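If you number the sequence shown the way numbering that gives the first Met the number 0 does, the last residue is 155 and the count never jumps. Glycine residues also receive a C-beta, built at the ideal position from the N, C-alpha and C atoms. Computed from a prediction, not measured in an experiment: that's the story for all the values here.
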Amino acid sequence: MVYVTRRVNFSAAHRLFNPTFSEEKNEAIFDKCNNFFGHGHNYIVDVTVKGVPDPETGYVIDLKKLKALLEEHILSKVDHKHLNFDVEFFEGIIPTAENIAVTFWKEIEHKIPQGTLHKITVFESDNNYVEYYGEPIEIPKHDVRYSIDKEPFLNS
Ligand code: NI
C-alpha cells in the first residue's frame, strides 16, 4: 500500500458550546472557542488516500482529481463561512476539530475515485490537530445556532 496525501486550507468562524450546559460550564470547557460572538481559525486539512499505484500511471490517485473533489464537496461549502450557521452538513454539530474531521469523512468517503480514504487530519492551529481513520462514530446533535442578543463591548 502507498499513502498519498493532499493538503488543503480553509478559513471559517465558529463558536463552541453545548446548549445543555450552563454559561459557566461552556466557558470552562470551551474557553476561547466559546467566545460569544464567534471567532475564526485558519484550518489545514490533510486527506490521505491509500492504494496500490496504477500500473500504467504510477498513481494511487490523481491528486488533481482529489483536489477538485475536496474543492467541490468541502472547501466551497466551508471556506469563509460560519460553521454554526452556514454549512448544511454541520447542522446540529458542535464544530470541534474532532467533529469536523468525522463530518468531512462522511462527506467524501464514497466519492474517492481511486484508492480508499485512509485518514483525515484537521489542524485548528499550529499546535492542535486531530486525526481520524474512519472508525464509525455517531455525532450527537445539538442546536448550535445562537442569537446575537448580548450587548457588545462588555467582554473586554
Ligand atoms: Ni475555535
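Give the single residue among VAL46, LYS110 and LEU82 whose Cα lies nearest to the Cα of HIS117. Along the sequence shown, read from residue 1 onward, the residue named residue 117 stands at position 118. If we check each option's Cα against that of HIS117, VAL46 comes out closest.
Looking at C-beta atoms only, is the number of pairs between the stretch 10-22 and the stretch 61-75 that lie closer than 8 angstroms three or more? The stretch 10-22 makes no contact with the stretch 61-75: fewer than 3 CB pairs, one atom from each, lie closer than 8 angstroms.
Could you give the first and the last residue of the continuous alpha helix (DSSP H) run that contains GLU150? Translated into positions along the sequence shown, residue 150 becomes position 151. Per DSSP, GLU150 lies in no alpha helix (DSSP H) segment and is marked neither H nor E.
Pairwise C-alpha distance: SER124 and ARG5: Counted from its first residue, the sequence shown places residue 5 at position 6. Counted from its first residue, the sequence shown places residue 124 at position 125. Distance between the alpha carbons of ARG5 and SER124: 18 angstroms.
Flag this pair as yes or no: are the beta carbons of GLU26 and ASN33 separated by less than 7 angstroms? Against the sequence shown, residue 26 aligns to sequence position 27. Against the sequence shown, residue 33 aligns to sequence position 34. Yes; because the gap between Cβ atoms is below 7 angstroms, this pair is in contact.
Three-state secondary structure (DSSP) of THR4: Within the sequence shown, the letter at position 5 stands for residue 4. Of the three classes helix, strand and coil, the one that applies to THR4 here is strand, per DSSP.
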